[in-house]
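Right, one structure below, let's go through it.
Protein chains: 2
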Amino acid sequence: MSLIVQKFGGSSVANADRVRNVAGIITDTYKAGNDVVVVVSAQGDTTDDLIEKSKEITLKPSKREMDMLLSAGEQISIALLAMAIKEMGYPVISLLGWQAGFITSSDYGAERIKTINTARLQAELSKGSIVIVAGFQGINKYDDVTTLGRGGSDTSAVALAAALHADKCQIFSDVDGVYTADPRKVPNAIKLEEITYDEMLELATLGAQVLNNRSVEMAKKYNVELEVLSSLTRQPGTIVKEVVTMEKMLVRGVTKDVNVARISITEVPDVPGIAFKIFSKLAAKNINVDIILQSVGREGTKDIAFTVSKDNADLAIEVLKTSIGEINPDNVALDTTVAKISVVGAGMETHPGAAAKMFEALYERNINIQMISTSEIKISVLIDAEHADEAVLAIHAKFMPVE
Amino acid sequence: MSLIVQKFGGSSVANADRVRNVAGIITDTYKAGNDVVVVVSAQGDTTDDLIEKSKEITLKPSKREMDMLLSAGEQISIALLAMAIKEMGYPVISLLGWQAGFITSSDYGAERIKTINTARLQAELSKGSIVIVAGFQGINKYDDVTTLGRGGSDTSAVALAAALHADKCQIFSDVDGVYTADPRKVPNAIKLEEITYDEMLELATLGAQVLNNRSVEMAKKYNVELEVLSSLTRQPGTIVKEVVTMEKMLVRGVTKDVNVARISITEVPDVPGIAFKIFSKLAAKNINVDIILQSVGREGTKDIAFTVSKDNADLAIEVLKTSIGEINPDNVALDTTVAKISVVGAGMETHPGAAAKMFEALYERNINIQMISTSEIKISVLIDAEHADEAVLAIHAKFMPVE
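Residue numbers (our numbering), protein chains in the order written: chain A, 1 to 403; chain B, 1001 to 1403.
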């Protein structure tokens, strides 16, 4: 007998029919002889609707009260899902975050899970019940309700799987696995059977939007085997684990990220410590910098360019223009019409030709590369946003030619 | 400095403007130097919407899961109200039922408050915060979320006022006080300045729908001074307390209740214990019986008639037809086209003429009286439902002639 944690996203439980469908998946797993713990998100647009309600009241809501408000969404979905399972004749109980023992830090709005007290969960499982847990929420040391921030339900599920030593954590959504590229844009995209945590992490960070990256980090840390699959089909999905069976594929995926802005500073005095100054000031404002490029400028100056996410761009520009004396505000420029295209694959470590292959694909389409960044398992390039989809198609075709 | 508990019903917080309006009432009370604890219901139709969602899943929901589902409604309204008060610049915190220390019995769906642990509430008050509490909900000994049943927010407020020894408990809704009759139907209806608990209890039970009767019983028991008032006007409402200043009025109110059905059983054998048998079987099914009439029938039989609420009528008929051998099922009849008209007033105890006056009003309109029931402070008659509004007008005019 195995213990399986299943997580269903908001679209999987958006209405009564979907709730019943999910209840069918859960009870099939239970009937097969498994213990089942389920983590569920708020139905469909509930969270957005609640945020809208708060905006009608205030544009600067207290974070504590925002957590109080938003956590009601999952409370509704766990109750409905438990009712559906009960209606099918199976023993079931729903638990709120605090009832399931989720203790979080006290930074309202973006808490981290500190510990999970699984006593009640274990007790309910040993009674033979299917346990439905509200994702995305917990309680802090003041007994206040807290939320884990967007995507937090994935994290709840993985943390629960780790705490319960579950055999598998299945993440259900409306996509049926991890593809080598966005299948809506790249018709030849291939669904992967397996992928490593590190590859998934690069893909998640790069905008593949299949799994929240905090949850992948946690799965890697606690060695929780993940499966990404669809609640709308009954097909196997993609397994995410530490080591995957060797496949011929050099690259696991090609991704596009348009939530990126390029900031360039020209004519920065070429004195020691200037880069440190710039990037520590940005870090102090919680601005993550991605690709960095430094080049020699004219007359003892240098040019520095880097990318940030679009929502951080204005703040970054402000920091650069106002708090660093060495920078002439007129020399700071922002470009938001860029896209980051990446190829990811653990196999690239031992295949130095991957970068060349990628650049060749871009060259053939006459697409200019603005910046390049590489790691052991990925290569990213910054290009003009208008060529992004074309670039993904070309690179994908180069690495995964149609057989 | 006084401690005031204020309760706002669902229509008082139905949208953002109403929430802001309520926030204004609360902060005015706070600014006047009072400690303020607020109990609030779910917004507008939220509870009905949630019930509708559950019906799409199952018609027989688990009571525990129903409590889980419905308690989300108040969670949303307390968070929004706290945000609105914070936006106005006042210290405020929202608390769920369990955070406010409401411990209930474990009969999911219609729990009673067992105790209120006010430690956290007191701590928040002593910090100078306005405290917003989710009405209608608590937690039981299993740490499960429970609800107090419909109207439970009134009960939450009164219980809180009792536990905190509050100076006053104000119940806000969309009516501005207790009237001598429904002002939509009786243009000359008068708003009462004061009314006793017992009179209010009769009025509440009789369908005046101003206050939930459990909350009035509790207010009487713990001697909590209530005020019924409107959140839409800033006018004084009606005070409910133990003893009221003598007023000339003989009668406090005339009410109509159409949620009533008349059941009659003819030719019941006239043997000892038959009435006991009938009414104990009904009591065992939790069916409350109101007016009872027994009359001699023909040939050693008797006829028994009584009233129940409409929603209990079918169950009562089934009990009578199937579980009491002495009753011939063909002799059981149901009439749902009846209405109960009542006059209530503590003054009637010392004015024996009240009943005669009521009957005279009905006689003048040629309205037939089917059954009569009296207590120290009320007289009720059962009449044909189609004459109900006319009867209320006539009786009201008789007792409170236009000056």
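No residue lacks a Cβ here, since even glycine has one placed at the ideal position from N, Cα and C.
Being a predicted model, the structure only gives us computed values, none of them experimental.
Item to check | Close beta carbons around B/Lys-1281, own chain, < 6 Å, minus the five adjacent residues each side | outcome: Locating residue 1281 of chain B in the second sequence gives position 281, counting from the first residue. Closer than 6 Å at Cβ, skipping near neighbours: Val-1319, Ser-1323.
Checklist entry - Given B/Glu-1227, which residues of its chain have a CB within under 8 Å of its CB, disregarding the five upstream and five downstream residues? => result For the purposes of this step, residue 1227 of chain B is taken as residue 227 along the second sequence, with counting starting at 1. So the qualifying residues of the chain are Lys-1168, Cys-1169, Gln-1170, Ile-1171, Pro-1236, Gly-1237, Thr-1238, Ile-1239, Val-1240.
Checklist entry - Can you give the Cα-Cα distance for B/Ala-1014 and A/Arg-120, rounded to whole angstroms? => result Counted from its first residue, the second sequence places residue 1014 of chain B at position 14. Counted from its first residue, the first sequence places residue 120 of chain A at position 120. One C-alpha to the other measures close to 36 Å.
Checklist entry - Are the region 1036 to 1043 of chain B and the region 1129 to 1136 of chain B touching by the rule of at least three beta carbon pairs closer than 8 Å? => result Taking a cut-off of 8 Å for Cβ pairs, the region 1036 to 1043 of chain B and the region 1129 to 1136 of chain B touch, as three or more such pairs fall below it.
Item to check | Integer-rounded CB distance, given that B/Asn-1212 should sit under 8 Å from B/Ala-1219 | outcome: For the purposes of this step, residue 1219 of chain B is identified with residue 219 of the second sequence, where counting begins at 1. For the purposes of this step, residue 1212 of chain B is identified with residue 212 of the second sequence, where counting begins at 1. B/Ala-1219 to B/Asn-1212, Cβ: 11 Å. No contact.
Checklist entry - Considering B/Ser-1373, what are the terminal residues of the beta strand (DSSP E) in which it resides? => result If you number the second sequence from 1, residue 1373 of chain B lands on position 373. Counting along the chain, the beta strand (DSSP E) containing B/Ser-1373 begins and ends at 1371 to 1374.
Checklist entry - Taking the alpha carbon of A/Ala-100 as the point to measure from, which residue in A/Ala-79, A/Glu-87, A/Gln-122 has its own alpha carbon closest? => result Mapped onto the first sequence, residue 100 of chain A falls at position 100. Nearest of A/Ala-79, A/Glu-87, A/Gln-122 to A/Ala-100, Cα basis: A/Gln-122.
Item to check | Per-residue burial, A/Val-338 [other beta carbons within 10 Å of its own, 16 or more giving buried] | outcome: Within the first sequence, the letter at position 338 stands for residue 338 of chain A. Label assigned to A/Val-338: buried.
Next on the checklist: 9 Å is my cut-off, CB to CB: does A/Ser-62 come that close to chain B?
Outcome noted: Start at 1 with the first residue of the first sequence, and residue 62 of chain A comes out as number 62. Yes, A/Ser-62 counts as interfacial toward chain B.
Item to check | Counted within 10 angstroms of its Cβ, other Cβ atoms place A/Gly-325 as buried (16 or more) or exposed | outcome: By one-based count along the first sequence, residue 325 of chain A stands at place 325. The residue in question, A/Gly-325, is exposed, as its Cβ has fewer than 16 Cβ neighbours within 10 Å.
Checklist entry - Taking DSSP as the reference, what is the three-state secondary structure of A/Val-344? => result As a first step, residue 344 of chain A is located in the first sequence; it is residue number 344 there, counting from the start. Correct three-state label for A/Val-344: strand.
Next on the checklist: Using beta carbons (cut-off 9 Å, strictly below), is A/Ser-94 in contact with chain B?
Outcome noted: Reading the first sequence from its first residue, position 94 is the one you call residue 94 of chain A. Chain B, which has a Cβ nearer than 9 Å to the Cβ of A/Ser-94, makes this yes.
Next on the checklist: Assuming the contact rule is C-beta atoms closer than 8 Å, B/Val-944 and B/Val-1178 should be a hit. Round their C-beta distance to whole Å, please.
Outcome noted: Past the edges of chain B, shown from 1001 to 1403, lies residue 944 of chain B, and the structure says nothing about it.
Item to check | Between the CA atoms of B/Val-1344 and B/Ile-1292 - distance to the nearest angstrom | outcome: Residue mapping note: residue 1292 of chain B aligns to position 292 of the second sequence, counting from 1. Residue mapping note: residue 1344 of chain B aligns to position 344 of the second sequence, counting from 1. So the two alpha carbons sit approximately 19 Å from each other.
Checklist entry - In chain B, what lies closer than 9 Å to A/Gln-99 by C-beta? => result Within the first sequence, the letter at position 99 stands for residue 99 of chain A. For A/Gln-99, the neighbours in chain B by C-beta distance under 9 Å run, in chain order, Asp-1143, Asp-1144, Val-1145.
Checklist entry - Who are the neighbours of B/Met-1068 on chain A, taking C-beta pairs under 8 Å? => result In the second sequence, the residue the question calls residue 1068 of chain B occupies position 68. Ordered by position in chain A, the residues that pass the 8 Å Cβ test against B/Met-1068 are Gln-75, Ile-78, Ala-79, Ala-82, Ser-94, Leu-96.
Next on the checklist: What residue range does the beta strand (DSSP E) around B/Gly-1353 cover?
Outcome noted: If you number the second sequence from 1, residue 1353 of chain B lands on position 353. Where B/Gly-1353 is concerned, there is no enclosing beta strand (DSSP E), although the alpha helix (DSSP H) it sits in stretches over 1353 to 1364.
Next on the checklist: What are the residues in the region 1031 to 1060 of chain B lying within 8 Å of chain A by C-beta distance?
Outcome noted: Leu-1050, Lys-1053, Ser-1054, Glu-1056, Ile-1057, Thr-1058, Lys-1060
Next on the checklist: Assess contact between the region 1134 to 1148 of chain B and the region 1073 to 1084 of chain B, defined as three or more Cβ pairs (one per stretch) separated by less than 8 Å. Is contact present?
Outcome noted: yes
Checklist entry - Under 9 Å, do A/Arg-365 and A/Ala-394 count as touching if we go by C-beta distance? => result Within the first sequence, the letter at position 365 stands for residue 365 of chain A. Within the first sequence, the letter at position 394 stands for residue 394 of chain A. Against a cut-off of 9 Å, the Cβ pair of A/Ala-394 and A/Arg-365 comes out as a contact.
Checklist entry - Under 9 Å between C-beta atoms, does A/Lys-86 make it to chain B? => result Here residue 86 of chain A refers to the residue found at position 86 when the first sequence is read from its first residue. Closer than 9 Å: yes.
Checklist entry - What does B/Ile-1171 pair with, by DSSP beta-bridge criteria? => result By one-based count along the second sequence, residue 1171 of chain B stands at place 171. DSSP links B/Ile-1171 through a beta bridge to B/Lys-1007, B/Val-1228.
Item to check | CA nearest to the CA of B/Glu-1244, picked from B/Glu-1199, B/Glu-1267, B/Asp-1049 | outcome: Looking up residue 1244 of chain B in the second sequence gives position 244. Residue identity check: residue 1244 of chain B is Val in the sequence provided, not Glu. The shortest Cα separation from B/Val-1244 among B/Glu-1199, B/Glu-1267, B/Asp-1049 belongs to B/Glu-1199.
Item to check | Separation of A/Ile-383 from A/Ala-284, as counted between CA atoms | outcome: Translated into positions along the first sequence, residue 284 of chain A becomes position 284. Translated into positions along the first sequence, residue 383 of chain A becomes position 383. When rounded, the distance between both Cα atoms is 28 Å.
Next on the checklist: Distance check for B/Ile-1304 and B/Phe-1276, CA to CA, integer angstroms please.
Outcome noted: By 1-based counting over the second sequence, the position of residue 1276 of chain B is 276. By 1-based counting over the second sequence, the position of residue 1304 of chain B is 304. Cα to Cα, B/Phe-1276 sits roughly 12 Å from B/Ile-1304.
Item to check | beta strand (DSSP E) runs wholly inside the region 19 to 79 of chain A, at least 3 long, in chain order | outcome: 35 to 40
Checklist entry - Sorted by chain position, which residues of the same chain lie with C-beta nearer than 6 Å to B/Ser-1309's C-beta, five sequence neighbours on each side aside? => result As a working mapping, residue 1309 of chain B is identified with position 309 in the second sequence. Counting only Cβ-Cβ distances below 6 Å, and skipping sequence neighbours, we find Asn-1259.
Checklist entry - By the criterion of Cβ-Cβ separation under 7 Å, what are the contact partners of B/Ala-1072 in chain A? => result If you number the second sequence from 1, residue 1072 of chain B lands on position 72. By Cβ distance, chain A contributes Ala-72, Gln-75, Ile-76.
Checklist entry - By the criterion of Cβ-Cβ separation under 9 Å, what are the contact partners of B/Val-1289 in chain A? => result Against the second sequence, residue 1289 of chain B aligns to sequence position 289. The contacting residues do not exist; B/Val-1289 stays about 33 Å from chain A at best.
Item to check | Inter-stretch contact (C-beta, 8 Å, three-pair minimum) for the region 56 to 68 of chain A and the region 77 to 91 of chain A | outcome: No: fewer than three Cβ pairs fall under 8 Å.
Item to check | Cβ separation of B/Ala-1016 and A/Ile-57, assumed to be a contact under 8 Å, to the nearest whole Å | outcome: The residue labelled residue 1016 of chain B in the question sits at position 16 within the second sequence. The residue labelled residue 57 of chain A in the question sits at position 57 within the first sequence. Their Cβ separation, rounded to whole angstroms, is 6 Å, which keeps B/Ala-1016 and A/Ile-57 in contact under 8 Å.
Checklist entry - Helix or strand or just coil, what does DSSP make of B/Phe-1136? => result Numbered from 1 along the second sequence, position 136 holds the residue referred to as residue 1136 of chain B. The DSSP-derived three-state label of B/Phe-1136 is coil.
Checklist entry - Residues of chain A with CB under 7 Å from B/Ala-1016, in chain order? => result Working through the second sequence from its first residue, we reach residue 1016 of chain B at position 16. At a beta-carbon threshold of 7 Å, the residues of chain A lying near B/Ala-1016 are Glu-56, Ile-57, ordered along the chain.
Item to check | Where B/Gly-1152 sits in the DSSP three-state scheme | outcome: Residue 1152 of chain B sits at position 152 when you count from the first residue of the second sequence. In this structure, B/Gly-1152 counts as helix in the three-state DSSP scheme.
Checklist entry - Is the beta carbon of A/Ile-265 less than 9 Å from the beta carbon of A/Val-332? => result Mapped onto the first sequence, residue 265 of chain A falls at position 265. Mapped onto the first sequence, residue 332 of chain A falls at position 332. Yes, the Cβ-Cβ distance between A/Ile-265 and A/Val-332 is below 9 Å.
Checklist entry - So, does the CB of B/Val-1019 fall closer than 9 Å to a CB anywhere in chain A? => result Along the second sequence, read from residue 1 onward, the residue named residue 1019 of chain B stands at position 19. Chain A contact via Cβ: present.
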